Amino acid sequence: MKFSLFFFIILFFANCSTRKQTNSSRQQTDSLRQTSRLSVRTTKIPESRARLTIPVGRLKELLSGAAFVQKSGQATAEIRFLHDTLFVSATCDSLQALVYQYEEKNEQLHARQENSQTEKSQSPRACVGIIVLLFLVCIIFGWRHHSLFHD
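Heads up, my numbering is the position in the sequence shown plus 491, with the first residue counted as 1.
Structure follows, in C-alpha cells:
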C-alpha cells in the first residue's frame, strides 16, 4: 500500500511541470522607389531681322569690293558693289533649341516592425522522460522493497 501511495505521489508531481515556450519574431522592411522622367521639346526662338537703309548717293560712292553689312541676332544683311554690279545677300542662322527637362523623384519608404513575445513552457519530451525515469525508480525501489520483505 505504501508503494502504491508513493508511486501515486511521484506521478502527481511529474504532471505539475511548468511550460516554457519562447516565440520571437522580427520583421523589417526597407525599400527605395525611384521615378525618373525626361522630356525633350523644341522651343520657339524669336525671329531676327537685319535692315539696311542706304541712300542712293552713298551707293554711288561705295568703292569696288566694299560692302555695307548689318547684323541683328541670327540675321545678317549685306550689300556689296563689285565693278558695275550691286550684290544684295541676306542670311539667317537656323536655330532650333531643344529643351531637356529631367525630373527625378526618390522616395525612401522605411517601415520597421518588431514583435517579441515570450511565453514559458517546457517541451513535452522532457515531461515524458521525467515520468519514465520516475517510473523506473519506483519499480526498482518497489522490487527491492518487496524482495526485502519476502526473504
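Yeah, the Cβ is synthetic: ideal placement off N, Cα and C, and Gly gets one too. A quick note: this is a predicted structure, and the numbers were derived from the prediction, not measured.
For residue i, tell me which candidate among the options has the shortest Cα-Cα distance.
i: T533; options: F578, D521, Y591; result: Y591
i: L573; options: N597, A557, Q561; result: A557
i: K562; options: R540, L625, Y593; result: R540
i: L550; options: R517, R524, E569; result: E569
i: S555; options: F632, G633, R571; result: R571
From residue i to residue j, what does the alpha carbon distance come to, in whole angstroms?
i: E538; j: D584; result: 10 angstroms
i: I622; j: C629; result: 10 angstroms
i: T567; j: A581; result: 6 angstroms
i: E598; j: R528; result: 14 angstroms
i: V619; j: F626; result: 10 angstroms
i: G564; j: E594; result: 32 angstroms
i: D575; j: L553; result: 11 angstroms
i: Q518; j: R635; result: 58 angstroms
i: R542; j: F578; result: 15 angstroms
i: S522; j: L624; result: 55 angstroms
i: S516; j: V531; result: 50 angstroms
So residue i and residue j are supposed to be a Cβ contact under 8 angstroms. How far apart are they, rounded?
i: I536; j: F559; result: Actually they are not in contact, since the Cβ atoms of I536 and F559 sit about 26 angstroms apart, beyond 8 angstroms.
i: K596; j: T526; result: 4 angstroms
Using DSSP bridges, identify the partner residues of residue i.
i: R528; result: E594
i: V579; result: I570
i: Q561; result: A568
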